[in-house]
Amino acid sequence: MLDAYYDRKLARALLWVFSALILIFLMVPTLIVVPLSFSASDLLEFPPRAWSLRWYEAFFSSTAWMAALRTSLLLGILTAAIAVSFSFLACFAINRLGGRSANLIYGLLLAPSVTPGILLAIGLFFVLAKLKLVGTLGGILIGHVVLAIPVTVIVLHPALSRFDWAQAQAARSLGANWLRTIWGIMLPQLGLSLTTAALMAFLTSLDEAIISIFVSTGANSTLPKLMFISLRDQIDPTIAAISTLWTVLISGIVLFFNLRDRGQVR
C-alpha cells in the first residue's frame with residue numbers, strides 16, 4: 113500500500129516537471145522578445161549590448177502606431193459585445209430547439225473555426241468588396257465577429273446546457289416575459305460564462321491579423337497588421353516593444369479575470 117502511495121507521488125512529481133518543461137518551451141520564444149525591446153541597437157540583437165527605452169518612446173510618439181492601437185482596442189470591445197450577444201441568443205435557440213436542427217445550427221456556428229484563415233479572409237474580402245465595406249471599421253468588425261463567434265459559442269453552449277430551465281419556466285408561469293426572465297434569472301447565473309466568453313472574443317480580435325491584412329486599410333488598420341507589414345518591409349525593433357506591451361496587456365487581462373473568477377467560485 114505504501115509502495116502504491118510513493119508511486120503515485122512520483123508520478124505526480126514527474127507530471128509537474130513535464131508540464132513545467134512544456135510551459136518553458138512555449139514561453140521562452142515570447143520572453144526573449146522582452147530584452148530585445150530594451151535594446152539600444154537599430155537592429156534586433158540578443159542579448160542586447162546596450163539598453164534603452166527608445167523603442168517604447170518611438171511607439172508611443174508614433175501617430176500611426178497609436179491610431180492602430182486605438183482601432184484594435186475598439187474592435188476588441190465591439191467584437192466581444194456583439195459576439196457574446198449573438199452567441200448567447202444562438203445557444204438559447206439551440207437549447208430550446210434540440211434535435212437535428214440544433215445540431216445543424218451548432219455546426220454552422222463553429223464552421224469558421226475549422227475553415228483555414230486565408231480562405232476565410234479571401235471570402236470575406238470579396239463579400240465586403242461587393243458591399244463596399246473593405247477598409248471600413250464596420251467591415252473589419254464583421255470579420256472579427258465571424259472569428260469570435262465559434263469561441264464564444266464553445267463557452268456559452270455548455271453553460272446554457274447546464275442551466276436549470278425549471279427556474280425560467282417558473283418565472284414564465286408567474287407572468288414574466290422571456291426578456292425579463294433572461295435579464296433577471298439567466299444572466300446573473302451565467303455571469304461567469306459570459307465574462308469568459310467576452311474575454312475570449314476580445315483576445316481573439318486583438319490577435320487577429322489575416323483578416324485585417326485583407327480587409328483593413330489606411331486609418332482603420334489594426335496593430336497586428338501594421339506589425340506584420342513592418343516586419344515584412346524592414347527589421348524594426350519597435351515590434352519587440354509592441355510585442356512586450358501586448359504580452360503584458362493580455363497576460364494582465366487573463367490574470368485579472370482568472371483571479372476574479374476564482375473569487376466568484378469560492
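When the letters of the sequence shown are read in order and numbered with the numbering used here, they come out as residues 113 to 378. Cβ coordinates follow ideal geometry from the N, Cα and C atoms, glycine included.
- Look at residue 151 here: in three-state DSSP terms it is strand.
- Sorting 233, 351 and 255 by C-alpha distance to the C-alpha of residue 148 places 351 at the top.
- A distance below 8 Å separates the beta carbons of residue 333 and residue 183.
- Under the 10 Å beta carbon count, residue 331 is surrounded by fewer than 16 other beta carbons and is classified as exposed.
- Comparing alpha-carbon positions, the option among 227, 265 and 308 lying closest to residue 205 turns out to be 265.
- Distance from the CA of residue 216 to the CA of residue 222, rounded to the nearest whole angstrom, comes to 10 Å.
- For residue 293, the enclosing alpha helix (DSSP H) covers residues 290-293.
- Annotation: residue 294 to residue 140 spans about 45 Å, alpha carbon to alpha carbon.
- Taking residue 358 as the centre and dropping the five residues before and after it, the same chain places the C-beta of 318 and 335 closer than 8 Å to its C-beta, in chain order.
- Taking 8 Å as the upper bound for CB-CB distance, residue 297 and residue 281 are not in contact here, some 10 Å apart.
- Nearest in C-alpha terms to residue 254, of all of 219, 328, 226 and 286, is 328.
- Residue 150 places its beta carbon 8 Å or farther from that of residue 236.
- Its chain contains 252, 253, 256, 317 and 334 as the residues whose beta carbon lies nearer than 7 Å to that of residue 187, once the 5 sequence neighbours on both sides are disregarded; these appear in chain order.
- Linking residue 130 to residue 287 through their CA atoms gives a straight-line distance of about 56 Å.
- Scanning its chain for C-beta atoms nearer than 7 Å, with the 5 sequence neighbours on each side dropped, one finds around residue 321 the residues 336, 337 and 340, in chain order.
- Counting along the chain, residue 312 sits inside the alpha helix (DSSP H) bounded by residues 303-319.
- For residue 197, the enclosing alpha helix (DSSP H) starts and ends at 175-209.
- Across the structure, residue 365 and residue 212 are spaced so that their CA atoms are roughly 38 Å apart.
- The Cβ-Cβ distance between residue 239 and residue 312 does not fall below 8 Å.
- Residue 176 has its alpha-carbon roughly 16 Å from the corresponding atom of residue 247.
- In this structure, residue 299 and residue 275 do not form a Cβ contact; the two beta carbons are roughly 11 Å apart against a cut-off of 8 Å.
- When beta bridges are read from the DSSP output, residue 128 appears opposite no residue.
- The beta carbons of residue 268 and residue 172 sit no closer together than 8 Å.
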